[in-house]
Amino acid sequence: MEGFGPSLAFWVLSALTLIAAGGVMVSRNLLHAVLFLILTFVGVAGFFVLLSADFIAMAQVIIYVGAIAVLVLFAILLTPRSGRDNGETRWALPGILLAVCLAAIFLFVVHDTAWDTVGDAPAGLDARALGTALLTTWVVPFEIASVLLTAALVGAIMLTRSPEEEAEDALV
Amino acid sequence: MTPGIEHFLTVGALLFCLGLAISLSKRNAIGVLMGVELMLNAVNLTLITFSRFAASPNPVSGHTFVVFILTVAAAEAAVALALAVAVYRNRETIDVDRLNLLRS
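Chains as they are written, first to last, in this note's numbering: chain A, 4 to 175; chain B, 3 to 106.
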C-alpha cells in the first residue's frame, strides 16, 4: 500500500467513519443517529475497497446501507414520535468508562505487537476465490446460514403480527 | 505516512469501542441495536485487515468469515427490530430503563 492516494484515502475514510460513529453517540434525535450510522457503514465499505475486498464492500453497501439501515428507519417510523429520543440511560457512565478502558487495552496491544505482515495484497482475494471457498470448504456453514435467514424471516413476521390477525387466523 | 496494519486495526478498535459505549449507554432499544451493528462492522473491518496483511496460505478465509457475519447481522437486525415493535405494542415504550418487568 504505497503512494499518496491510498494514504489520503485512509485518513479521509478514518476521519469520516469515526466522526460519523461519534455522531451516532451524541445526536439527540434517533433519526439523525440512523443517518450518521449509514455514513459509518459507507465509510467502512470504503475501507473494504482500500483493503482489496471488492465483493465484501459491495455486499456491505447492499446489506448494511440498503437493508439494515432501511429496516432500522422503518422500526423508528413505526414507533410514535415520543419514542425517537436518543438519550442516555442511568447507567451510561460505567458503560462509557468500560469502553474507554477497553480502547486503551486494544490500542496498547495493536501498537505493542510485532505484526508479521506482507507488503502487497496477496493473490486470491477476488470474488472468484471467495465463491469457490464458500461452495467447497465452507459449503455446510453456507447452507446453515440460509436456514438461519429463513428462520429469522419467519420469526420476525410472527413477532410483529397484531392480535387481530392472529384472531382471524384462529377462525380459519 | 503510508497506512499499515496498525492503522487499520486502530480504526477497527476505536469503532468497536464506540459501538460498545453506544450499546451500553443508550436508553432507546433501537439505539442499543445501532451500537451492536457498529461493533459487528468493526469486527468485519478487523477480519478484512488481517486477511489483507497477514502472511497466510489461505487469505480468503477472512472474507468467508465476514460473509457469515453479514448474514447473521442481517438476521439479528430483523429479529431485534421485530422484538422492538412487539415490545412497543405491549408496553408502550422501548426505553430499556423502564423494561423491568422481571424485577420483583
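Backbone N, C-alpha and C define an ideal beta-carbon position, used for all residues, glycine too. Small disclaimer: the values here were computed from a predicted structure and weren't measured.
Cβ neighbours of residue i in the same chain (closer than 6 Å, five flanking residues each side left out)
{"i": "F67(B)", "result": "L49"}
{"i": "G37(B)", "result": "G21, I24 and S25"}
From the options, residue whose alpha carbon lies closest to that of residue i
{"i": "A159(A)", "options": "V87(B), E94(B), R91(B) and V98(B)", "result": "V87(B)"}
{"i": "V27(A)", "options": "S17(A), L38(A), G122(A) and A18(A)", "result": "L38(A)"}
{"i": "W94(A)", "options": "R93(B), G64(B), N92(B) and R100(B)", "result": "R100(B)"}
{"i": "I59(A)", "options": "A107(A), R131(A) and A36(A)", "result": "R131(A)"}
{"i": "V69(B)", "options": "V29(A), E171(A), V73(A) and D57(A)", "result": "D57(A)"}
{"i": "A76(B)", "options": "G69(A), V143(A), L40(A) and I108(A)", "result": "G69(A)"}
DSSP-derived helix/strand/coil call for residue i
{"i": "D97(B)", "result": "strand"}
{"i": "A126(A)", "result": "coil"}
{"i": "E78(B)", "result": "helix"}
{"i": "D119(A)", "result": "coil"}
{"i": "N60(B)", "result": "coil"}
{"i": "E5(A)", "result": "coil"}
{"i": "V102(B)", "result": "At residue 102(B) the sequence reads Asn, which differs from the Val that was named. It is coil, neither helix nor strand."}
Cβ-based neighbour list, residue i, same chain, cut-off 8 Å, excluding 5 preceding and 5 following
{"i": "L11(B)", "result": "T48 and T51"}
{"i": "P9(A)", "result": "L53"}
Contact list for residue i against chain A, beta-carbon separation under 9 Å
{"i": "V166(B)", "result": "Residue 166(B) cannot be examined here, being either before or after the span of chain B that is shown, 3 to 106."}
{"i": "N102(B)", "result": "Going along chain A, no residue has its Cβ under 9 Å from N102(B), so there is no contact; the nearest lies around 12 Å."}
{"i": "I7(B)", "result": "V113, W118 and T120"}
Close Cβ partners of residue i (< 7 Å) along its chain, the five nearest in sequence each way excluded
{"i": "L17(B)", "result": "L40, N43, A44 and L47"}
{"i": "A154(A)", "result": "none"}
Neighbouring residues, chain B, relative to residue i (Cβ below 8 Å)
{"i": "D119(A)", "result": "A56 and A57"}
Where residue i meets chain B, residues with beta-carbon distance less than 7 Å
{"i": "N89(A)", "result": "K28, N30 and G33"}
Within chain A, the residues that residue i reaches when beta carbons sit closer than 7 Å
{"i": "I24(B)", "result": "V27 and M28"}
{"i": "A98(B)", "result": "At residue 98(B) the sequence reads Val, which differs from the Ala that was named. What V98(B) touches in chain A: T92."}
Proximity of residue i and residue j at Cβ, strictly below 8 Å
{"i": "G127(A)", "j": "P5(B)", "result": "no"}
{"i": "A9(B)", "j": "F13(A)", "result": "According to the sequence as given, residue 9(B) is His; it is not Ala. Their beta carbons are under 8 Å apart, which means H9(B) touches F13(A) by this criterion."}
{"i": "L34(A)", "j": "A80(B)", "result": "no"}
{"i": "Q63(A)", "j": "V75(A)", "result": "no"}
{"i": "G49(A)", "j": "L21(A)", "result": "no"}
{"i": "A57(B)", "j": "T120(A)", "result": "yes"}
{"i": "S197(A)", "j": "R54(B)", "result": "An answer regarding residue 197(A) cannot be provided, because it is not within the stretch 4 to 175 covered by chain A."}
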